[in-house]
Amino acid sequence: MKGFLEYAPGNSFFHRLNPLTKLLLSLLISIAAFISDSLLFIVALVALNLVLAASSGIFIRGVMLLKGLAKFSMLIFILQLLLVRRGNVLVLLPLNLAITDAGLFSAVLIVLRLIAGTMPLALMLSITQMNDLSNVLVMKCKVPYKYAFAFTTAIRFIPIFADEMAGIIEAQTSRGVEMDTRNIFKKVGLILPLCVPLLITSVKKIEDSAISAEIRGFHLRSAKSCYKRYPLKLDDLLVLVTAALLAGLAFLV
Amino acid sequence: MIDLKNVCFTYQKESTVKDISFHIGKGEFVAIIGSNGAGKTTLSKLLNGILKPCSGTVSIMGMDTKKTKTSILARHIGFLFQNPDRQICKNTVADEIRFGLEQILKDKSLIQQRLDNVIAYFGFDPAANPFRLSRGERQKLALASVIAAEPEVLVLDEPTTGLDYSECMQIMNIIRQLNEKGITVVMVCHDMEVVLDFARRVLVLSEGRLIADGETREIFRQEEVLRRASILPPQITQLALRLGEGFEQVFTVEEMARNLLARTRPQYIGTVRRETA
Numbered sequence: 001m002k003g004f005l006e007y008a009p010g011n012s013f014f015h016r017l018n019p020l021t022k023l024l025l026s027l028l029i030s031i032a033a034f035i036s037d038s039l040l041f042i043v044a045l046v047a048l049n050l051v052l053a054a055s056s057g058i059f060i061r062g063v064m065l066l067k068g069l070a071k072f073s074m075l076i077f078i079l080q081l082l083l084v085r086r087g088n089v090l091v092l093l094p095l096n097l098a099i100t101d102a103g104l105f106s107a108v109l110i111v112l113r114l115i116a117g118t119m120p121l122a123l124m125l126s127i128t129q130m131n132d133l134s135n136v137l138v139m140k141c142k143v144p145y146k147y148a149f150a151f152t153t154a155i156r157f158i159p160i161f162a163d164e165m166a167g168i169i170e171a172q173t174s175r176g177v178e179m180d181t182r183n184i185f186k187k188v189g190l191i192l193p194l195c196v197p198l199l200i201t202s203v204k205k206i207e208d209s210a211i212s213a214e215i216r217g218f219h220l221r222s223a224k225s226c227y228k229r230y231p232l233k234l235d236d237l238l239v240l241v242t243a244a245l246l247a248g249l250a251f252l253v
Numbered sequence: 001m002i003d004l005k006n007v008c009f010t011y012q013k014e015s016t017v018k019d020i021s022f023h024i025g026k027g028e029f030v031a032i033i034g035s036n037g038a039g040k041t042t043l044s045k046l047l048n049g050i051l052k053p054c055s056g057t058v059s060i061m062g063m064d065t066k067k068t069k070t071s072i073l074a075r076h077i078g079f080l081f082q083n084p085d086r087q088i089c090k091n092t093v094a095d096e097i098r099f100g101l102e103q104i105l106k107d108k109s110l111i112q113q114r115l116d117n118v119i120a121y122f123g124f125d126p127a128a129n130p131f132r133l134s135r136g137e138r139q140k141l142a143l144a145s146v147i148a149a150e151p152e153v154l155v156l157d158e159p160t161t162g163l164d165y166s167e168c169m170q171i172m173n174i175i176r177q178l179n180e181k182g183i184t185v186v187m188v189c190h191d192m193e194v195v196l197d198f199a200r201r202v203l204v205l206s207e208g209r210l211i212a213d214g215e216t217r218e219i220f221r222q223e224e225v226l227r228r229a230s231i232l233p234p235q236i237t238q239l240a241l242r243l244g245e246g247f248e249q250v251f252t253v254e255e256m257a258r259n260l261l262a263r264t265r266p267q268y269i270g271t272v273r274r275e276t277a
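Protein chains in written order, with the numbering used here: chain C, 1 to 253; chain B, 1 to 277.
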């Protein structure tokens, strides 16, 4: 999952689209995933995400993202499987638990929705420069610059913090902290105290960013400050119409 | 003590360490040098098992790092990172050092004894907040909590980065004292004066390959090797290399002063001061 939100440079069709189009496309795919109850349709959406990743030259990253999300969803899958009591019982388990057909359907549906709904946003962020995204939010959506900046900076900081946390875990493992244990509960217990160095480093980094933004005239920036223009072209309109049709199709299936 | 055989390591697709083999014996003081991106930090992380080799073997005191957990290796190998803030996670200096000791020792009286020794040795205020210390003091604290564990091997990743001359000398003199007590030291370093003053053996890396391995002064004489690794020796060494014959044994300011006085005013040769702290 390392570097999954970092910008992957390229000149593909999707790289060249207007950032607003990419944002709307990813939102519409996410909405479609949450509207539809059809497993087949949502699987098709996951496949579509992989096709979009491949055509943007980030197929490997798409697969890594899929794997990461699948691992992350396992807990939700298990909880959903065990706690839904509706439907016909498929397997009886100890402690008065049971796996039902409705529970199985619901667990698979939720996991697929989570994957199909999260992938497009992460992929969109991988092929869009944060400056372009904040500029287009300011110019086209009239979002005040400081809010657009806060939004894009928060996203930009996620991989930085992930790297920092990886470094902290390395440092602690090197002094004998059993971060390499396979016991997940022990690992969580060991990671919690590490939030202190992460928090301190993060506050320092944020303070540095705030100072350098102030020095570069952050308070003077407005929608008029952007020299780049982001016109909507025919390609953008075609993509948006297709995405809207896809979201519409989600109501029908 | 440390044995690497045909070690390769690859980050995603990019190969950063290529077919490296060497042996480091007990009590050696070795510096790993090379330009940025040469694979120095990767190599140092391979030594304590944070990274496992893609091929080849890394053996530390007979333990294969692929088969041994890093947290177990940590009982024998201390690792000092370039950035102490990644290591410090407790609210007082004493708690910070104790936390590291608790990971490897069970005997509370022994932990307290080592803690007291280290605090006295470094002269720390045990109740001080580590996050309010200066950069140099935080680096000293990180070093203190590493050496409190009394490791047999100490791996240092650029221990002097961001420190002023006096802080740098304090840290390096402590490391030298540890080495004199028999601890094996492997240090990644960009400061060639520090390398020349402290390391007795140098490994030169370039584009992930080990291009030279030898006695420090011998390596600093090999201009071709240094050029391939994009390394410049200290200016006084460069001057001695330019002067050529008669200056082959000159590497430091003190040696240059002695050499020049011997040629011009031999009666003053006893007045030359040592330059290092």
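For glycine and all other residues, C-beta sits at the position ideal for the given N, C-alpha and C.
### Query
Of all the options B:122, B:138 and B:123, which has the alpha carbon lying nearest to the alpha carbon of residue 129 (chain B)?
Measuring from the Cα of residue 129 (chain B), the nearest candidate turns out to be B:138.
Coarse secondary structure for residue 69 (chain B), derived from DSSP in three states | Residue 69 (chain B): coil per DSSP, three-state reduction.
Checklist entry - So, is the C-beta of residue 126 (chain C) closer than 8 angstroms to a C-beta in chain B? => result Residue 126 (chain C) does not count as touching chain B.
In whole angstroms, what separates the C-alpha of residue 278 (chain B) from that of residue 77 (chain B)? Because chain B in this structure spans residues 1 to 277, residue 278 (chain B) falls outside the shown range and cannot be described.
Enumerate in chain order the residues of its own chain whose CB-to-CB distance from residue 276 (chain B) is below 6 angstroms, with the five nearest sequence positions on each side excluded. A caution first: residue 276 (chain B) carries a pLDDT of 47, below 50, which makes its placement in the model unreliable, though a value can still be read off. The beta carbon of residue 276 (chain B) sits closer than 6 angstroms to the beta carbons of 197 from its chain, once the five residues preceding and following it are set aside; these are given in chain order.
CB contact below 8 angstroms: residue 74 (chain B) versus chain C: At a cut-off of 8 angstroms between beta-carbon atoms, residue 74 (chain B) makes contact with chain C.
Residue from B:262, B:223, B:214 and B:250 whose Cα sits closest to the Cα of residue 22 (chain B): When C-alpha distances from residue 22 (chain B) are compared across B:262, B:223, B:214 and B:250, the shortest belongs to B:214.
**Report entry** Touch test, the region 177-186 of chain B against the region 104-116 of chain B, Cβ-Cβ under 8 angstroms, three pairs minimum
**Finding:** Because the criterion of three Cβ pairs below 8 angstroms is not met, the region 177-186 of chain B and the region 104-116 of chain B do not touch.
Check: For the region 183-199 of chain C against the region 235-252 of chain C, are there 3 or more C-beta pairs whose distance is under 8 angstroms?
Finding: Because the criterion of three Cβ pairs below 8 angstroms is not met, the region 183-199 of chain C and the region 235-252 of chain C do not touch.
In terms of DSSP beta bridges, what is residue 79 (chain B) paired with?
The partner list for residue 79 (chain B) (beta bridge, DSSP) reads B:155.
Practice prompt. Report yes or no: is there a C-beta of chain B within less than 8 angstroms of the C-beta of residue 65 (chain C)?
Written response: Under the Cβ distance rule, residue 65 (chain C) does not count among the residues neighbouring chain B, no pair being separated by less than 8 angstroms.
> Do the CB positions of residue 81 (chain C) and residue 99 (chain C) come within less than 8 angstroms of each other?
Replying inline: Against a cut-off of 8 angstroms, the Cβ pair of residue 99 (chain C) and residue 81 (chain C) comes out as a contact.
Reduced DSSP secondary structure (H/G/I, E/B, other) of residue 90 (chain B): In the structure shown, residue 90 (chain B) sits in coil (DSSP, three-state: anything other than H, G, I, E or B).
Next item on the list: Taking only the alpha-carbon atoms, compute the straight-line gap between residue 223 (chain B) and residue 6 (chain B) and give it to the nearest angstrom.
Entry: In this model, residue 223 (chain B) and residue 6 (chain B) are separated by some 26 angstroms (Cα to Cα).
Can you name the residues that DSSP bridges to residue 93 (chain C)?
DSSP lists C:97 as partners of residue 93 (chain C).
Would residue 53 (chain C) pass as a contact of residue 133 (chain C) if the rule is Cβ separation under 8 angstroms? In this structure, residue 53 (chain C) keeps its C-beta atom at 8 angstroms or more from the C-beta atom of residue 133 (chain C).
**Boundaries (first-last residue) of the alpha helix (DSSP H) holding residue 52 (chain C)** = Unbroken alpha helix (DSSP H) run through residue 52 (chain C): 39-55.
Note to self: Runs of 4 residues minimum, wholly inside the region 96-142 of chain B: which ones carry the alpha helix (DSSP H) assignment?
What the structure shows: DSSP runs (the alpha helix (DSSP H)) wholly in the region 96-142 of chain B: 108-122.
### Query
In the structure shown, what three-state DSSP assignment does residue 191 (chain B) receive?
DSSP places residue 191 (chain B) in the coil class of the three-state scheme, outside both helix and strand.
*Which residue comes first and which comes last in the beta strand (DSSP E) that contains residue 6 (chain B)?*
Taken as a continuous stretch (DSSP letters only), the beta strand (DSSP E) holding residue 6 (chain B) covers 2-11.
Between the region 186-202 of chain B and the region 30-47 of chain B, are three or more C-beta pairs nearer than 8 angstroms? Flag = yes, the region 186-202 of chain B and the region 30-47 of chain B touch.
TODO: Quick one: residues in its chain with C-beta nearer than 8 angstroms to the C-beta of residue 71 (chain B), no 5 flanking neighbours on either side, listed in chain order?
DONE: The beta carbon of residue 71 (chain B) sits closer than 8 angstroms to the beta carbons of 103 from its chain, once the five residues preceding and following it are set aside; these are given in chain order.
- Counting Cβ pairs closer than 8 angstroms, one from the region 144-155 of chain B and one from the region 170-186 of chain C, do we hit at least three? Output reads yes: the region 170-186 of chain C touches the region 144-155 of chain B.
- Query: Which whole runs of the alpha helix (DSSP H) in the region 136-206 of chain C are 4 residues long or more, in chain order?
  - Reply: Every alpha helix (DSSP H) of 4 residues or more that sits fully in the region 136-206 of chain C is shown, in chain order, as 145-174 and 184-191.
* Please confirm if the region 129-143 of chain C is in contact with the region 57-76 of chain C, defined as three or more CB-CB distances below 8 angstroms between the two stretches. => They do not touch, by the three-pair rule.
Test item: CB-CB of residue 163 (chain B) and residue 80 (chain B) under 8 angstroms: Pairing residue 163 (chain B) with residue 80 (chain B) gives a Cβ-Cβ distance that is not under 8 angstroms.
Burial state of residue 30 (chain C), where buried means 16 or more other Cβ atoms lie within 10 Å
By the neighbour-count criterion, in which a residue is buried when 16 or more other Cβ atoms sit within 10 angstroms of its Cβ, residue 30 (chain C) is buried.
Secondary structure of residue 17 (chain C), DSSP reduced to three states: Here residue 17 (chain C) sits in coil by DSSP.
- Task: State yes or no: is the beta carbon of residue 146 (chain B) nearer than 8 angstroms to at least one beta carbon in chain C?
- Result: Closer than 8 angstroms to some Cβ of chain C, the Cβ of residue 146 (chain B) qualifies, so yes.
Of the residues B:38, B:191, B:152 and B:15, which one's Cα is nearest the Cα of residue 168 (chain B)?
Nearest neighbour of residue 168 (chain B) by Cα position, chosen from B:38, B:191, B:152 and B:15, turns out to be B:191.
Would you say the region 8-23 of chain C touches the region 226-236 of chain C, given that touching needs at least three Cβ pairs under 8 angstroms?
-> Taking one beta carbon from each stretch, the region 8-23 of chain C and the region 226-236 of chain C have 3 or more pairs nearer than 8 angstroms; the two touch.
Check your understanding: Cα separation between residue 107 (chain C) and residue 159 (chain B)?
Key -> Between residue 107 (chain C) and residue 159 (chain B), the alpha-carbon positions lie close to 51 angstroms from each other.
Give me the DSSP bridge partner(s) of residue 248 (chain B).
As far as DSSP is concerned, residue 248 (chain B) takes part in no beta bridge.
Notebook entry, point to check: For residue 193 (chain B), is the classification buried or exposed, using 16 other Cβ atoms within 10 angstroms of its Cβ as the cut-off for buried?
Noted result: So residue 193 (chain B) counts as buried.
Buried or exposed (CB count within 10 angstroms, at least 16 for buried), residue 9 (chain B)
Residue environment: residue 9 (chain B) is assigned as buried (16 or more neighbouring CB atoms within 10 Å of its CB, all protein chains considered).
Query raised in the report: So is residue 198 (chain B) in contact with chain C if we call contact Cβ pairs under 8 angstroms?
Result: Closer than 8 angstroms: no.
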